[in-house]
Amino acid sequence: MKPLTLIMLACAAAMSFAAAEEKKPEKTVGEKTKDALKKAGEVTKDAGQAVVDGTKKAGKALVDAVTPDSDAKKVEVKLDSGGIDMPAKLEAGKTAFVVKNAGKEKHNFRVQGEGVDEKFLLDVKPDDSKVMHVNLKPGTYQITCPNHEAMKRTLTVE
Ligand SMILES: [Cu+2]
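Per our numbering, the sequence shown starts with residue 2, numbered consecutively.
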């Protein structure tokens, strides 16, 4: 045999050996499919979670609450053209302001302070009630009705 043929044979042998070595650690088709399905499942789960999170956020942004959460402390608020009737001092923590419109016009309820700025998306109609959940931290809050400049007061949270 010519030296070149020998080299070529050696190369071919080396290559086929390398190819065989490479194939060994590879997974079977069944295992591959399982992995792919698992991955797809995880991706779907993540996507699903993102949808749930998005819906939760959207839900919060689109609807005013009407029922106080069971873990919140209820605080009654009465709105009418005379002003905002509610406690001047509250304790810190998750609070559900149960806001009743006892007047004849539409009112809203805005809580501002300590990084909080919340109001109802839609006004509270006369004789209607809505609930606003706020996690109150110690500090001072401005309570207003954006519809009526005269309706304002201060809330102290300890
Ligand atoms: Cu008002």
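All C-beta atoms in this analysis are idealised placements derived from N, C-alpha and C, irrespective of residue type, glycine included.
Remember, predicted model here, so these are calculated numbers, not experimental data.
- Assigned with DSSP and collapsed to three states, L63 falls in helix.
- Exposure of G116 is indicated by the presence of fewer than 16 other C-beta atoms within 10 angstroms of its C-beta.
- Ranked by how close their Cα comes to the Cα of K95, the residues D128, K126, D70, E77 have D70 in first place.
- Put simply, the residues with a CB less than 5 Å from any heavy atom of ligand 1 are H108, C146, N148, H149, M152, in chain order.
- Cβ-Cβ distances below 8 Å link S130 to V67, V99, V100, K101, N102 in the same chain, with the five nearest sequence neighbours on each side left out; the list follows chain order.
- Remark: C-beta atoms of H134 and A97 approach each other more closely than 7 Å.
- One thing to note: T145 has its Cβ no nearer than 7 Å to the Cβ of T157.
- No Cβ-Cβ contact shorter than 7 Å links P127 with K153.
- Here the alpha carbons of L63 and L122 stand approximately 7 Å from one another.
- By the neighbour-count definition (other C-beta atoms within 10 Å, threshold 16), N109 is a buried residue.
- Short of 6 Å from the beta carbon of V78, and not among the five residues preceding or following it, lie these beta carbons of its own chain, in chain order: M87, F98, V100.
- Per DSSP, reduced to three states, the secondary structure at S71 is coil, with no helix or strand assignment.
- Residue pairing from DSSP places F98 in a beta bridge opposite V76, M133.
- Separation of Q113 and N136 (C-alpha to C-alpha, rounded to the nearest whole angstrom) is 12 Å.
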